[in-house]
Amino acid sequence: FRLEICSFSGYKIYPSKGKIYTFRFINGKAESYFLQRLSPRKIRWTQIYRRLNKKGVTEQIVKKRTRRTVKAERAVAGASWDEIRAKRNEKPEVRAAARQAAIEKAKAKKAAAKKQ
25 FRLEICSFSG
35 YKIYPSKGKI
45 YTFRFINGKA
55 ESYFLQRLSP
65 RKIRWTQIYR
75 RLNKKGVTEQ
85 IVKKRTRRTV
95 KAERAVAGAS
105 WDEIRAKRNE
115 KPEVRAAARQ
125 AAIEKAKAKK
135 AAAKKQ
């Protein structure tokens with residue numbers, strides 16, 4: 025035999041029980057509430073309400089612990105880990121000065137190429 029599920033309340037409907045139209049209802053009460061367009065989420069005796077509001081859950085499921093991602097510090101192509109660490113530990117002023125020097129060098133190179 026096959027169990028149906030009530031379209032309104034979510035209860036099981038056993039064979040030869042309930043009413044079937046395009047929807048299946050366990051009893052007249054569920055059908056009436058459905059036709060009144062009442063939301064089963066707000067009606068306390070429905071399975072949907074009980075599921076949403078965590079009623080009748082005897083066993084609390086222990087949450088699985090999520091693993092923390094461990095950052096692996098390693099070299100990138102073209103730079104060893106020591107170089108990266110040295111750059112990271114530099115003072116911002118030193119980095120800014122180095123950057124400015126690199127910009128000046130590039131400008132000088134461009135100007136020299138233009139003169140030729």
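Each residue of the sequence shown is one higher than the one before, starting from 25 at the first, in the working numbering. Just so it is clear, CB atoms sit at the ideal spot from N, CA and C, and this is done for glycine as well. Only a predicted model underlies this, so the values are computations on that prediction, with no experimental measurement involved.
Helix, strand or coil for residue i? Go by DSSP, reduced to three states.
i	result
Ala-103	strand
Phe-58	helix
Lys-36	strand
Ile-85	coil
Ile-50	coil
Ile-67	coil
Glu-28	strand
Lys-41	coil
Lys-129	helix
Arg-109	helix
Taking the Cβ atom as the reference point for each residue, do residue i and residue j lie within a distance shorter than 8 Å?
i	j	result
Tyr-57	Ile-67	yes
Thr-93	Ser-33	no
Ile-72	Arg-61	no
Phe-47	Ser-31	yes
Glu-97	Trp-105	yes
Gly-80	Arg-89	no
Lys-36	Glu-55	no
Tyr-45	Leu-27	no
Looking at the secondary structure, which residues open and close the alpha helix (DSSP H) in which residue i lies?
i	result
Ile-72	71-76
Val-94	Unbroken run through Val-94: none, as it is neither H nor E.
Glu-140	Checking the sequence shown, residue 140 turns out to be Gln, not Glu. Gln-140 -> no alpha helix (DSSP H), and no H or E assigned at all.
Which residue from the options puts its Cα closest to that of residue i?
i	options	result
Ser-40	Val-100, Ala-136 and Phe-25	Phe-25
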